[in-house]
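Chemist: Taking my numbering, the leading residue of the sequence shown gets 72, the next gets one more, and so forth. Backbone N, C-alpha and C define an ideal beta-carbon position, used for all residues, glycine too. My structure is below; once you've seen it, I'll send some questions.
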Amino acid sequence: MSKIKLLDELTIQKIAAGEIIERPASVVKELVENSLDAGASNIVIEIMNGGKDYIRVTDDGEGFLEEDLELAFKRHSTSKIEKVDDLLKIVSFGFRGEALSSISAVAKVEVLSKTDGSLSGIQAFVEEGRIKSKKPVGCPKGTTMIVRDLFYNVPVRRNFLKSKSSETAYIDDILYRLALGNTNVAIKYIRDNKVIFYTSKNNDLISNIYNLLGRDFSNNLIEVDFKSKNFNIYGYISNNTFYRGNRKHQYFYVNNRHVKNEIITNIIENKYKSLIPINKFPVYVLFIDIDPSFIDVNIHPTKQEVKFLNQEEINSALDQMLSKALNKNLYIQKVNFDNEDERSNYEELPLLFEKAEINDAKVEIKDKYSDKSFINSPIKTKQYNTEPYVKKEMHTMEKKNFIDESPEDKPKKLLENIRIIGVLFSTYILLEDSIKENFLIIDQHAAHERIMYEKYKKEFKEEKVAIQNLLVPEIIDLSTWEVEFVKMNSNLLKNLGFIVEEFGQNSIILRGVPILFGVPQAKFFFLEILDELKADIQSSYDIKLEKIMKIACSKAIKSGDKINNIEIESLINQLKMVENPYTCPHGRPTIIEISKNDIEKQFKRIV
Ligand code: ADP
Ligand code: MG
């Protein structure tokens with residue numbers, strides 16, 4: 072007997088469903104994307120119990136024709152493409168025609184839908200990919216999809232789902248990303264009877280960011296914009312004083328589709344390397360609008376990645392755009408007494424929904440919206456209106472006027488009207504700016520490091536690194552492999568002011584070091600640089616160069632006492648001359664600022 076069997080249609084569907092419907096969040100994503108594709112202006116998402124039991128997505132889009140409904144739940148049924156060439160013109164989120172068939176293979180689906188032209192709507196119940204029952208009902212134009220009991224018929228998958236809070240977090244993440252990416256649609260998210268957010272359809276990205284991510288976020292962003300023949304890049308990136316402990320708040324969209332692109336992430340994060348501390352991540356909400364024929368959206372099962380056919384061109388545009396924006400917008404780190412810095416997960420509600428408002432919303436929702444009888448009775452949906460019923464004014468932000476100064480001008484304006492108060496813990500210079508009413512603290516070490524770093528960099532660029540010949544050259548014993556390695560990098564080392572020669576099979580002679588530092592423990596210093604280089608053998612010349620410079624500078628300052636001898640005033644004057652006086656080469660702040668206002672708040676003189 073043949074051992075190969077043809078699988079039945081339902082088994083095939085369940086297997087296929089596994090690819091795109093991984094968890095409740097996948098259902099939410101597919102349904103909201105369908106609503107967006109249907110041209111909705113208002114979308115409401117409601118979930119219960121992490122979406123495991125109940126997901127509802129309602130839109131006011133074009134709706135289903137009765138004859139299309141049956142087809143829509145079959146595999147590979149789509150209204151969005153007809154032939155493979157159409158993939159090059161994709162502007163919709165969906166195109167594979169898999170989502171509805173997959174969802175209905177593993178959950179119980181109820182649809183309510185009406186098109187503009189039809190007299191009444193339809194209500195249908197779909198199970199195991201088939202329409203179980205269908206009848207005409209009265210309902211407004213648009214579609215409501217209700218997905219109940221996900222994986223009820225695939226117990227293994229159901230058991231693999233995580234806790235309610237984890238599944239909820241996945242859904243939150245998807246919805247924040249969808250809402251941020253679609254400013255032309257009003258999106259409301261209700262979770263276990265609570266309004267988590269709602270956005271308006273005013274096409275205003277910064278207001279959307281404010282509403283979804285909060286004031287602290289939107290206040291610390293720099294607007295960016297780059298136009299070219301084939302694509303535009305625009306959006307917001309964080310300044311040097313604002314960062315996070317993870318990548319959660321990095322939002323990147325290609326033609327409004329949220330995607331991940333490692334190359335782009337790397338380019339952006341590299342730009343922040345010496346601006347923000349190590350292990351911290353920039354935040355951004357960036358969009359690329361591009362002619363669809365320049366991208367391939369069909370390379371990932373859930374379309375979370377796209378391939379650019381002109382990646383190089385995009386990389387260099389991005390690089391230029393970021394350099395320009397960041398250099399023009401460097402700021403002193405402000406001390407934040409509210410300690411909002413580690414807002415790293417969504418459990419926290421956005422600022423707009425303060426307690427009172429949520430309670431208000433809850434009452435209204437209970438009345439009008441989360442009433443179970445309403446949900447189950449399509450007739451009542453006549454009253455339903457997707458516009459926010461929470462009658463609160465949406466917050467709109469005024470667009471910031473970003474300072475347009477060349478980087479050379481800016482430092483001169485820094486620390487202008489200051490009085491030196493003294494030095495704290497032999498490390499921190501305390502300053503008062505009585506005009507701006509600020510209290511400033513400079514970290515001598517960090518500031519000195521920055522000054523040295525820029526000086527070194529400049530000397531290197533101009534090929535003028537002055538070398539100090541060691542009176543007694545140092546013989547350094549190394550492994551054969553290390554000697555080879557030094558030889559391989561000897562050019563780089565030489566350009567940086569390290570004069571090294573081979574000395575037998577297992578040692579080298581260090582004859583000179585950059586004069587900038589006048590380092591007495593040259594050997595120790597050199598070994599550290601070597602170790603660092605070895606650890607990162609793959610890196611490009613530029614990255615190695617940066618690394619060496621940074622180590623060199625951090626080694627340049629040997630003790631608190633020594634740095635104290637540097638005249639404070641001279642340090643400040645030098646700091647004013649550098650390109651980026653605000654952070655040390657490792658991205659830590661050199662200056663922090665506390666406003667008089669904040670101090671008074673701490674003493675409860677003002678509230
Ligand atoms: P795809 O989005 O890839 O086309 P789906 O299985 O998600 O595949 O949807 C199948 C079809 O059902 C879509 O092409 C669309 O015509 C229709 N459809 C799905 N959701 C909606 C909706 N909310 N409103 C109107 N039509 C919809
Ligand atoms: Mg779809």
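1. Which same chain residues end up closer than 7 Å to Gly-165 when comparing Cβ atoms and leaving out the 5 residues on each side of it in sequence?
2. Just to confirm, does Asp-131 get its C-beta within under 7 Å of one of the non-hydrogen atoms of the ligand ADP?
3. Near Glu-553, what residues of its chain come up, given a Cβ to Cβ distance below 8 Å and the 5 sequence neighbours on each side ignored?
4. Does the ligand MG have even one heavy atom less than 7 Å from the beta-carbon of Glu-104?
5. For Asp-296, which residues does DSSP report across the bridge?
6. Quick check for students: name the residue ranges of the alpha helix (DSSP H) that lie wholly in the segment 82-157, counting only runs of 4 or more.
7. Just curious, the alpha helix (DSSP H) that Glu-553 is in, first and last residue?
8. Would you report the Cα separation of Asp-360 and Leu-389, rounded to the nearest angstrom?
9. Less than 7 Å between the CB of Gly-165 and some heavy atom of the ligand ADP, yes or no?
10. Name the one or two DSSP bridge partners that Gly-356 has.
11. By Cβ distance below 7 Å, which residues in the same chain neighbour Glu-525 in space, the five residues on each side in sequence not counted?
12. Run through DSSP, which three-state label would Lys-402 get?
13. Pick helix, strand or coil for Glu-508, following the three-state DSSP scheme.
14. Specify the secondary structure class of Lys-265 as computed by DSSP and reduced to three states.
15. Whole angstroms are fine: how far does the CA of Leu-393 sit from the CA of Ile-28?
16. Run the CB neighbour count on Lys-481, radius 10 Å, all protein chains shown included, and call it buried at 16 or more, exposed below.
17. Tell me which residues share the same chain as Ser-441 and place their Cβ nearer than 8 Å to its Cβ, disregarding the 5 neighbours each side in the sequence.
18. Between Glu-419 and the rest of its own chain, which residues show a CB-CB distance below 7 Å, the 5 nearest in sequence each way excluded?
19. Report yes or no: do three or more beta-carbon pairs, one from the segment 168-186 and one from the segment 210-222, lie closer than 8 Å?
20. Is it right to say His-679 is buried, meaning 16 or more other beta carbons lie within 10 angstroms of its own, or is it exposed?
21. Which residues in the same chain have their Cβ closer than 7 Å to the Cβ of Ser-444, if we skip the five residues on either side of it in sequence?
22. Which partner residues does Val-208 have in the DSSP bridge list?
23. Does the Cβ of Glu-664 lie closer than 7 Å to at least one heavy atom of the ligand MG?
24. If you drop the 5 nearest sequence neighbours on each side, which residues of the same chain put their C-beta closer than 6 Å to that of Glu-545?
25. Taking Gln-404 as the reference, which of Pro-652, Val-678, Phe-297 and Thr-551 has the closest Cα?
26. Pairs of beta-carbons, one from the segment 322-342 and one from the segment 291-298, closer than 8 Å: are there three or more?
27. Does any heavy atom of the ligand ADP sit closer than 7 Å to the C-beta of Gly-89?
28. Can you find the residues in the same chain that come closer than 6 Å, C-beta to C-beta, to Ile-385, ignoring five residues on each side of it along the sequence?
29. Check whether the Cβ of Glu-101 sits closer than 7 Å to any heavy atom of the ligand ADP, and report yes or no.
30. Within the chosen definition, does the segment 298-315 reach the segment 346-365 through at least 3 CB pairs nearer than 8 Å?
31. Please tell me whether, using a cut-off of 7 Å, the distance from the CB of Ala-176 to the nearest non-hydrogen atom of the ligand MG is below it.
32. Going straight from the alpha carbon of Ile-126 to that of Glu-137, what length do you get?
33. Leaving aside the five residues before and after Ala-537 along the sequence, list all residues of the same chain whose C-beta is less than 8 Å from its C-beta, in chain order.
34. I'd like to confirm something about Ala-109: is its beta-carbon nearer than 7 Å to some heavy atom of the ligand ADP, or not?
35. Asn-540 bridges to which residues according to DSSP?
36. Looking at Ile-114 and Val-256, is the spacing between their C-beta atoms short of 8 Å?
Modeler: Working from what's here:
1. Glu-104, Asn-105, Asp-108, Thr-149 and Lys-151
2. no
3. Leu-601 and Lys-605
4. yes
5. Tyr-305
6. 95-108 and 137-143
7. 551-559
8. 13 Å
9. yes
10. In the sequence under discussion, the amino acid at residue 356 is Val, which differs from the Gly named in the question. DSSP, once it has assigned bridges, lists Tyr-307 and Tyr-322 as partnering Val-356.
11. Val-649 and Glu-650
12. The sequence given here places Tyr at residue 402; Lys does not occur at that position. The answer is coil: DSSP assigns Tyr-402 none of H, G, I, E or B.
13. coil
14. strand
15. Because residue 28 is not part of the residues shown, which for the chain are 72 to 678, the question remains open.
16. Residue placement at Lys-481 is poorly supported in this model, since its pLDDT is 49, which falls under 50; the coordinates still yield a value, given next. Lys-481 is buried by the Cβ-count criterion.
17. Residue placement at Ser-441 cannot be trusted, given a pLDDT of 34 that sits under 50; the coordinates are not used to answer.
18. Residue placement at Glu-419 cannot be trusted, given a pLDDT of 38 that sits under 50; what the coordinates show is reported in the next sentence. Here the set comprises nothing.
19. yes
20. The structure shown has nothing for residue 679, since the chain only spans 72 to 678.
21. Low per-residue confidence applies at Ser-444: pLDDT is 30, beneath 50, and the placement is therefore not dependable enough to give any value.
22. Gly-192
23. no
24. Leu-581, Ala-593 and Lys-594
25. Pro-652
26. no
27. no
28. Phe-379
29. yes
30. yes
31. no
32. 23 Å
33. Glu-530, Gly-568, Pro-585, Ile-586 and Leu-587
34. yes
35. Gly-583
36. yes
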